[in-house]
Amino acid sequence: MDASAQTISAALLDWYDAHARVLPWRSAPGAPPPDPYRVWLSEVMLQQTTVAAVGPYFDKFTRAWPTVEALAAADEGEVMAAWAGLGYYARARNLIACARAVAARGGTFPDTEAALRELPGLGAYTAAAVAAIAFDRPATVVDANVERVVARLNAIEEPLPAARKAIRARAEALTPPRRAGDFAQAMMDLGATVCTPRGPRCLLCPLTQWCAGRRAGAERFPVKPPKKAKPQRRGRAFWVERGGQVWLVRRAGRGMLGGMLALPDDGWSARGDGSAAPPLDGPWHPLGTVRHGFTHFDLDLQLMLYSGSDLARFAPNDGEWWDIARLDQAGLPTLFAKAAGLMLALRDETGESG
DNA sequence: TAACCGTGGAC
DNA sequence: TGTCCAAGGTT
123 MDASAQTISA ALLDWYDAHA RVLPWRSAPG APPPDPYRVW LSEVMLQQTT
173 VAAVGPYFDK FTRAWPTVEA LAAADEGEVM AAWAGLGYYA RARNLIACAR
223 AVAARGGTFP DTEAALRELP GLGAYTAAAV AAIAFDRPAT VVDANVERVV
273 ARLNAIEEPL PAARKAIRAR AEALTPPRRA GDFAQAMMDL GATVCTPRGP
323 RCLLCPLTQW CAGRRAGAER FPVKPPKKAK PQRRGRAFWV ERGGQVWLVR
373 RAGRGMLGGM LALPDDGWSA RGDGSAAPPL DGPWHPLGTV RHGFTHFDLD
423 LQLMLYSGSD LARFAPNDGE WWDIARLDQA GLPTLFAKAA GLMLALRDET
473 GESG
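Following our numbering, the numbering of the first sequence begins with 123 at its first residue and continues without gaps.
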C-alpha cells in the first residue's frame, strides 16, 4: 500500500466514523463484527437490490429463521414464499443450498474469502464482503459502488466491463490491511450517498482532493457500453377457480421465476419471438392484460378465465388449490401477484364475494 | 464473454 | 411513460 493510497483510505475511514449509515445488519464503525449469518443474509439480499427494498425482508427472515441452522431446516416452499417480491429467485434457491452446506459443517461459516467463494450463491463480491465484514479479513470488495468511486477517483476512460481489471487493481491498492470491512462499507456508503450515479455531491466528498474524475466531470464515470433494446414478449396466464380456490403451480427449479408458486401459463418465458399467443381451444375468456418489465424483456401477459367444468384435468399432482381469501400469503412473484390483483379487482367491480 | 435472471424507486 | 439502475451470480 503506497503512501497516497494509505492517505486516501484513512480519509475515507475517518469519514465513515462520522457518517456511516445505521443499518439492521451492520455494527457501528470500529465495533466488533456482526453475526456472520446476518452479514451473509444481508449481502445476498442486497445483490442488485436497494437497501430500502431489503429492509423488510431482512427483518422477516431473521425473525422466522434466527440462525443458519434454522434456515437450513426450513421448508423450501416457505423460504421461496418469503422471498417473493424481492426478485432474482436463484438467490433464494442458493440461499437454501448455502444454509444447508453451512449447517452440514456445524453451522459455522468459513472465515476466509477462498472458502466462502465455494458456497452456493457467493461470487467474488459476496465472498469478499463476508470475509471483510464478518471476519475482518483484508479482502477487496468490488461492487457497483466501488467501481463508480474508483473509476471517478482515477478518471478511468476505458468503458465497462473491460475496465474492471484496472478498477480491481486500484481497489486492491486502496484496501487497508486493517478495518477492511469498514473500508468496504465506507466505499459503498460513499457511493450510495455522495458519489452517486447522477448528481454526485463532490463538495461533500472526503476524497475530492484526490479525485481526478471530478476535474473531468465526475458524473461521466464509469464509462458504460451502449444499452441493448429490450424485446417485447406476449403470453397468457390462466385463472382456474373452484369453490373459492384458485389453481396454482410450482415452477421448475431453473429459469424464469424458478421454484416459485405461480399461476399456470402458456410458456411465454420460452417463447422469445414476441409473437401473439395462438388461439385457445375450450372455454377460456380474456380478463385483461398485465404489463411487466423484466431485466431483459418486457412482457404483456393476458389473463384467461376458465369457465369449463372439467376440473379433474387440474390434478393435485401438478399443482394445488389455494384459498383466494389468503392468496396474498401464497408468495407469488410480482408478475403473478399483479395478474391476481387484476382478477380480484374485476371481482370487486362485479360485486361477487367469491 | 455475454446472456440470463426481478423488482421498485428516483427522476 | 420512459429510462436508469441497485451491496451480482451462474452458465
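Backbone N, C-alpha and C fix where the C-beta goes; we use that ideal spot for every residue, glycine too.
All of these numbers come straight from a predicted model, not from anything done at the bench.
Outcome for residue 235 when other beta-carbon atoms lying within 10 angstroms are tallied against a minimum of 16: buried
Closest residue to residue 240 among 421, 280, 255, 216 (Cα-Cα distance): 216
Between the CA atoms of residue 180 and residue 164 - distance to the nearest angstrom: 7 Å
Endpoints, beta strand (DSSP E) assigned at residue 408: 406–415
Complete runs of the alpha helix (DSSP H) confined to the region 319–380 [at least 4 residues]: 334–338
Selected residue, minimal CA-CA separation from residue 127, among 305, 444, 451: 305
Residue 191 beta carbon less than 9 Å from that of residue 219: no
Residue range of the alpha helix (DSSP H) that includes residue 247: 246–257
Neighbourhood of residue 449 by C-beta distance below 8 Å, restricted to the same chain and skipping five residues each side: 368, 462, 466
Burial state of residue 140 (16 or more Cβ within 10 Å): exposed
Pick from 439, 161, 199 that is closest to residue 248, judged by C-alpha positions: 161
Sequence-distant residues of the same chain with beta carbon closer than 8 Å to residue 330, five excluded per side: 324, 336
Spatial neighbours of residue 206 in its chain, beta-carbon cut-off 7 Å, leaving aside the 5 residues before and after: 382, 453, 454, 455
Cα-Cα separation, residue 252 to residue 134: 20 Å
Cβ pair count under 8 Å reaching 3, the region 407–422 against the region 345–354: yes
Segment contact, 8 Å Cβ cut-off, at least three pairs: the region 295–313 with the region 256–269: yes
Span separating the alpha-carbon of residue 357 from that of residue 390: 5 Å
C-alpha distance - residue 288 paired with residue 185, whole-angstrom precision: 41 Å
Endpoints, alpha helix (DSSP H) assigned at residue 235: 235–238
Pairwise C-alpha distance: residue 370 and residue 444: 7 Å
Separation of residue 361 from residue 406, as counted between CA atoms: 9 Å
For residue 313, the first and last residue of its enclosing beta strand (DSSP E): Element bounds for residue 313: not the beta strand (DSSP E) but the alpha helix (DSSP H), 302–315.
As assigned by DSSP and simplified to three states, the class of residue 444: strand
For residue 465, the three-state DSSP class (helix, strand or coil): helix
Assigned secondary structure, residue 384 (DSSP; H/G/I helix, E/B strand, else coil): strand
Simplified DSSP state of residue 451, which is helix, strand or coil: helix
Under 9 Å between C-beta atoms of residue 366 and residue 447: yes
Of the residues 138, 171, 372, the one placed nearest residue 438, counting alpha carbons only: 372
Closest by C-alpha distance to residue 143, when choosing among 273, 245, 307: 307
Close-in-space but distant-in-sequence residues of the same chain around residue 440 (CB under 7 Å, 5 per side omitted): 371
Pick from 269, 281, 409 that is closest to residue 312, judged by C-alpha positions: 269
Residues that residue 424 bridges to, as DSSP identifies them: 358, 411
Endpoints, alpha helix (DSSP H) assigned at residue 222: 212–226
Every unbroken beta strand (DSSP E) inside the region 141–198 [3 residues or more]: none
Check: residue 240 C-beta below 8 Å from any heavy atom of the ligand FAD: The model on display carries no ligand, and the ligand FAD is accordingly not part of it.
Beta-carbon proximity check, residue 326 vs residue 410, cutoff 9 Å: no
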